[in-house]
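Asks: If you read the sequences in order, they're chains H and C. Numbering-wise (the working numbering), the first sequence opens with residue 1 and increments by one. Numbering-wise (the working numbering), the second sequence opens with residue 336 and increments by one. Quick one: the structure is below, questions incoming.
There are 2 protein chains.
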Amino acid sequence: MPSQSARSSEVSPAARALLTLEILQNRPGVTATEIARRLGVTERATRRHIAILREAGIPVESTRGPHGGYTLGRGAALAPVVFTETEALSLVMAVIDAHPGAATAGEGEDVGSALGKVIRALPRAAGHQAAALRDHASATPDRYPSRPDPATTSALVAASAARRQVRLTYASEAGKSWEDVVDPWAVVVRHSRWYLLCHVHRVDGVRTYRIDRVRDVVELEDLFEPPADLDPVASLEQHLGIGWEHATRVVFEAPPEDVARWVHPAMGVLGRHTEGSVLEGSTSNPTMYAREWLARIPVPFRVEGGPELLDAVRTAAAQLSRAVDGWPEGPATAS
Amino acid sequence: MPSQSARSSEVSPAARALLTLEILQNRPGVTATEIARRLGVTERATRRHIAILREAGIPVESTRGPHGGYTLGRGAALAPVVFTETEALSLVMAVIDAHPGAATAGEGEDVGSALGKVIRALPRAAGHQAAALRDHASATPDRYPSRPDPATTSALVAASAARRQVRLTYASEAGKSWEDVVDPWAVVVRHSRWYLLCHVHRVDGVRTYRIDRVRDVVELEDLFEPPADLDPVASLEQHLGIGWEHATRVVFEAPPEDVARWVHPAMGVLGRHTEGSVLEGSTSNPTMYAREWLARIPVPFRVEGGPELLDAVRTAAAQLSRAVDGWPEGPATAS
DNA sequence: GTGTTGCGGACGAAACCCTTCCGGTATGCC
DNA sequence: GGCATACCGGAAGGGTTTCGTCCGCAACAC
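Okay, structure coming up:
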């Protein structure tokens with residue numbers, strides 16, 4: 001009973017061969033180990049699944065050695081492109097989630113018309129459900145002003161995958177714009193914002209550029225080599241909180257493990273400390289830093305700096321104190 | 336392909352589901368008995384194979400009665416569906432936005448497999464771009480624990496569109512659950528949360544239920560009439576903050592126009608007051624209400640109740656005071 | 001109503017599938 | 001040439017899946 005198979009554990013063994021096929025369709029060149037990991041079985045078992053597929057007449061090609069893997073041969077159009085009902089509904093829901101305007105604005109915009117096309121291609125029953133979902137699920141007005149241009153995003157992703165340097169034009173919040181030659185390490189999406197994690201040649205340092213502020217992208221001939229142990233997500237989190245005007249330093253009376261879940265990644269880097277943990281970062285908006293991020297944290301802490309953050313916390317504390325001092329009864333009668 | 340009547344030739348059982356699929360593709364409308372004969376198994380076993388196919392996400396449709404049989408889901412006519420390149424990219428981006436897991440977790444889940452199917456149906460060039468986008472856009476771990484069940488959502492949308500009352504089982508945050516008969520006025524999605532705006536018969540009032548907490552939906556015979564001038568979005572905002580355990584009341588020293596932008600809609604209803612404005616609502620989690628919502632607001636205010644919220648604000652104020660004044664000092668009761 | 005066809009529960013026994021070992025081959029990089 | 005990657009296949013053992021059989025039920029068409 002090795003509870004190793006924490007993944008999609010609840011599928012009947014016989015369905016695994018089907019799922020293997022689907023993975024093969026989605027990611028040509030995948031290795032047996034990878035398939036096994038996704039399905040939560042052994043690599044050996046996966047090879048048996050491949051054998052089963054071949055036995056059933058499906059042309060699975062394999063190449064050995066490094067960069068090898070499995071591929072489907074010729075037009076193995078087995079599982080037709082058809083959505084399950086839940087797939088269709090999930091898709092529509094996800095799109096509405098991310099792009100509330102898509103439902104109502106409908107045609108005229110890319111996402112809306114794409115959604116329409118998908119729904120139209122759906123089988124009768126599912127199509128009706130999906131259409132009802134789109135038409136009857138009201139959405140609050142769109143609050144993301146930052147949806148990047150698909151073409152720009154795509155260009156950056158392509159360059160990143162090809163490890164080609166790019167020259168990009170960037171427009172800052174303040175309105176001024178400039179050009180930079182960068183190594184596009186990765187595109188990362190985080191809380192509905194799209195970032196380019198890159199090495200900027202001009203300053204010889206890592207920066208996170210918001211893709212919606214990128215005005216133009218030119219792919220260059222020169223290649224680059226990304227750091228070997230790059231973890232895009234972690235790296236983004238790490239660089240989001242640095243490079244701003246006001247440094248910050250906060251000491252918590254609890255180990256990092258307990259504090260981490262309360263700390264917004266853009267607050268800075270959380271490390272161990274004799275008293276518990278220490279958070280060092282920077283911000284351009286101490287008030288927001290104090291009220292929106294620090295105040296949330298139910299772990300006792302001490303603000304060590306900088307001066308601007310101390311002021312902001314002091315102000316917030318005073319305001320909250322006054323908010324309850326005005327109440328005629330004292331704490332004694334509480335609860 | 337080997338579509339010869341393969342008798343009960345020795346194929347491994349797991350491959351039988353594949354062969355069933357193949358037969359289904361070649362002969363739409365085939366009966367279970369016929370499939371069973373071709374594969375040399377029982378008709379019962381064939382029905383089990385069909386179940387396996389469905390489990391693996393392949394939409395097998397069935398019609399009962401004479402001339403009945405099994406068919407692969409229609410809608411395979413995705414051929415005429417041609418996405419513009421920007422449409423395709425926008426769609427992929429929107430899905431990743433809403434559902435970061437879709438890219439990596441992929442196959443096991445509905446959104447992921449649906450996305451894969453869309454990409455597969457794309458023309459070569461666009462398909463590559465879209466796949467690159469999916470595979471190379473890292474996403475931060477998913478922070479929404481609240482993605483509702485598509486089937487539940489769909490059922491509610493359907494009932495809402497048909498103006499049929501529903502009986503639903505709701506599980507509160509605390510863990511207890513109950514049943515309610517409601518008029519489902521509308522499904523509204525707001526900041527990636529899905530809500531059901533409805534009239535609850537038991538309390539004869541309007542409530543907003545989080546759909547991810549709805550455990551079960553039964554559509555009833557009875558019809559209902561929604562209010563003529565229903566504005567689902569506005570109505571949701573208005574009702575988000577009412578109906579919870581702990582009442583809250585806060586007075587601000589500024590007119591509602593200035594306060595509104597800082598007030599999270601779920602905090603309650605903001606009204607005019609002699610001193611400025613008053614916010615009345617309720618919450619099930621005073622600590623969160625105080626730290627996450629109240630503390631953000633840079634307008635001076637006074638908390639008038641209830642006791643639980645007062646306690647929570649007091650605790651937060653004390654913690655912030657200690658954070659800048661040092662540990663040893665007691666709660667800043669009177670300065 | 002009657003017949004056809006799909007749907008699904010129960011149950012016991014046989015068969016199959018998965019895991020864990022093993023060694024082998026092929027390929028590409030240093 | 002050594003080393004790492006990756007596919008390939010055999011064998012053994014234990015668990016559990018799958019199969020067949022039998023049953024009643026639900027749609028649908030004539």
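Don't be surprised by glycine CBs; every beta carbon is placed ideally from N, CA and C.
Whose C-beta lies closer than 6 angstroms to the C-beta of ALA341/C among residues of the same chain, with five residues either side of it excluded?
Replies: One-based indexing of the second sequence puts residue 341/C at position 6. Only weak support exists for where ALA341/C lies, its pLDDT of 40 falling under 50; the value from the coordinates is given anyway. So the list is empty, once near-sequence residues are dropped.
Asks: Leaving out five residues before and five after GLY641/C in sequence, what residues of the same chain have Cβ atoms less than 6 angstroms from its Cβ?
Replies: Mapped onto the second sequence, residue 641/C falls at position 306. If we look at GLY641/C and ignore the five residues flanking it on each side, its Cβ neighbours are HIS581, ALA582.
Asks: Distance check for ALA32/H and ARG47/H, CA to CA, integer angstroms please.
Replies: Within the first sequence, the letter at position 47 stands for residue 47/H. Within the first sequence, the letter at position 32 stands for residue 32/H. Cα to Cα, the separation comes out at about 7 angstroms.
Asks: Could you check what DSSP says for VAL200/H in three-state terms: helix, strand or coil?
Replies: Sequence index remark: in the first sequence, residue 200/H carries index 200 (1-based). If DSSP states are grouped into helix, strand and coil, VAL200/H belongs with the strands.
Asks: Cβ of ALA461/C within 8 angstroms of Cβ of ALA429/C?
Replies: Here residue 461/C corresponds to residue number 126 of the second sequence, with the count starting at 1. Here residue 429/C corresponds to residue number 94 of the second sequence, with the count starting at 1. Their beta carbons are not under 8 angstroms apart, which means ALA461/C does not touch ALA429/C by this criterion.
Asks: Specify, as a first and last residue, the run of the alpha helix (DSSP H) that SER154/H falls within.
Replies: Mapped onto the first sequence, residue 154/H falls at position 154. Taken as a continuous stretch (DSSP letters only), the alpha helix (DSSP H) holding SER154/H covers 150–162.
Asks: Using the Cα positions of ARG213/H and VAL524/C, report the straight-line distance between them to the nearest angstrom.
Replies: Taking the first sequence and counting its residues from 1, the one referred to as residue 213/H is at position 213. Taking the second sequence and counting its residues from 1, the one referred to as residue 524/C is at position 189. Their Cα atoms are separated by approximately 27 angstroms.
Asks: Does PHE559/C get closer than 8 angstroms to chain H when you measure Cβ to Cβ?
Replies: Position 224 of the second sequence, counted from the first residue, corresponds to residue 559/C. PHE559/C does not count as touching chain H.
Asks: Listing by chain order, which chain H residues have their CB less than 8 angstroms from the CB of GLU422/C?
Replies: Working through the second sequence from its first residue, we reach residue 422/C at position 87. What GLU422/C touches in chain H: ASP110, VAL111, SER113, ALA114, LYS117.
Asks: By DSSP, does VAL206/H sit in helix, in strand, or in coil?
Replies: Start at 1 with the first residue of the first sequence, and residue 206/H comes out as number 206. Three-state DSSP puts VAL206/H in a strand.
Asks: Tell me, to the nearest whole angstrom, how far the beta carbon of PRO255/H is from that of SER277/H; I am working on the premise that it is less than 8 angstroms.
Replies: If you number the first sequence from 1, residue 255/H lands on position 255. If you number the first sequence from 1, residue 277/H lands on position 277. The pair is a contact, with the Cβ atoms about 6 angstroms apart (cut-off 8 angstroms).
Asks: Taking buried to mean at least 16 other C-beta atoms within 10 Å of its own C-beta, is VAL218/H buried or exposed?
Replies: To locate residue 218/H, count along the first sequence from 1; it is residue 218. Exposed, because fewer than 16 other Cβ atoms sit within 10 Å of the Cβ of VAL218/H.
Asks: Please classify ASN26/H as buried or exposed, where buried requires at least 16 neighbouring CB atoms within 10 angstroms.
Replies: Along the first sequence, read from residue 1 onward, the residue named residue 26/H stands at position 26. That one is buried.
Asks: Let me confirm a value: SER425/C is counted as buried when at least 16 other C-beta atoms fall within 10 Å, else exposed. Which label applies?
Replies: Here residue 425/C refers to the residue found at position 90 when the second sequence is read from its first residue. Buried is the call here.
Asks: If you drop the 5 nearest sequence neighbours on each side, which residues of the same chain put their C-beta closer than 6 angstroms to that of ALA334/H?
Replies: Position 334 of the first sequence, counted from the first residue, corresponds to residue 334/H. The predicted position of ALA334/H is uncertain, since its pLDDT is 38 and thus under 50; a value taken from the coordinates is nonetheless stated next. Correct list: empty, nothing qualifies.
Asks: Anything in chain C within Cβ reach of GLN129/H, meaning under 7 angstroms, just list it in chain order.
Replies: For this step, residue 129/H is matched to residue 129 along the first sequence. What GLN129/H touches in chain C: SER489, ALA493.
Asks: If I follow the unbroken beta strand (DSSP E) through THR406/C, where does it start and stop?
Replies: By 1-based counting over the second sequence, the position of residue 406/C is 71. Looking at the DSSP string, the run of the beta strand (DSSP E) that includes THR406/C is 404–407.
Asks: With DSSP as the reference, please indicate the residues paired to VAL638/C in a beta bridge.
Replies: Residue numbering aside, residue 638/C sits at position 303 when the second sequence is read from its first letter. Answer is VAL585/C, bridged to VAL638/C.
Asks: Please classify ASP557/C: is it buried, with 16 or more other beta-carbons within 10 angstroms of its beta-carbon, or exposed?
Replies: In the second sequence, counting from the first residue as 1, residue 557/C sits at position 222. By the neighbour-count rule (16 or more Cβ atoms within 10 Å), ASP557/C is not buried but exposed.
Asks: With a threshold of 8 angstroms, are at least 3 pairs of Cβ atoms found where one atom belongs to the region 144–163 of chain H and the other to the region 442–459 of chain C?
Replies: Contact between the region 144–163 of chain H and the region 442–459 of chain C is absent, because fewer than three Cβ pairs lie under 8 angstroms.
Asks: Tell me whether the region 197–214 of chain H and the region 148–156 of chain H touch, counting them as touching only if at least three CB pairs, one residue from each stretch, are closer than 8 angstroms.
Replies: Yes: at least three Cβ pairs fall under 8 angstroms.
Asks: Which residues in chain C sit within 7 angstroms of ASP97/H, going by Cβ to Cβ distance?
Replies: Taking the first residue of the first sequence as position 1, residue 97/H is located at position 97. Going along chain C in sequence order, the residues near ASP97/H (Cβ under 7 angstroms) are ALA433, VAL524, SER527.
Asks: How many angstroms separate the CA atom of ALA15/H from the CA atom of ASP135/H?
Replies: For this step, residue 15/H is matched to residue 15 along the first sequence. For this step, residue 135/H is matched to residue 135 along the first sequence. Each residue's alpha carbon lies about 35 angstroms from the other.
Asks: Looking at the ligand COA, does it come within less than 7 angstroms of THR33/H, judged from the CB to the closest heavy atom?
Replies: Among the components of this structure there are no ligands whatsoever, and the ligand COA is therefore not found.
Asks: Who are the neighbours of SER284/H on chain C, taking C-beta pairs under 7 angstroms?
Replies: Translated into positions along the first sequence, residue 284/H becomes position 284. Chain C residues near SER284/H: none, gap ~16 angstroms exceeds 7 angstroms.
Asks: MET93/H versus chain C: which residues are under 7 angstroms apart at the beta carbon?
Replies: Residue numbering aside, residue 93/H sits at position 93 when the first sequence is read from its first letter. Result: PRO485, THR488.
Asks: In angstroms with no decimal places, state the Cα-to-Cα distance between TYR144/H and PRO519/C.
Replies: Here residue 144/H is taken as the residue at index 144 of the first sequence, counted from 1. Here residue 519/C is taken as the residue at index 184 of the second sequence, counted from 1. With a pLDDT of only 49 at TYR144/H, under 50, the local geometry of the prediction cannot be trusted, and no value is derived from it.
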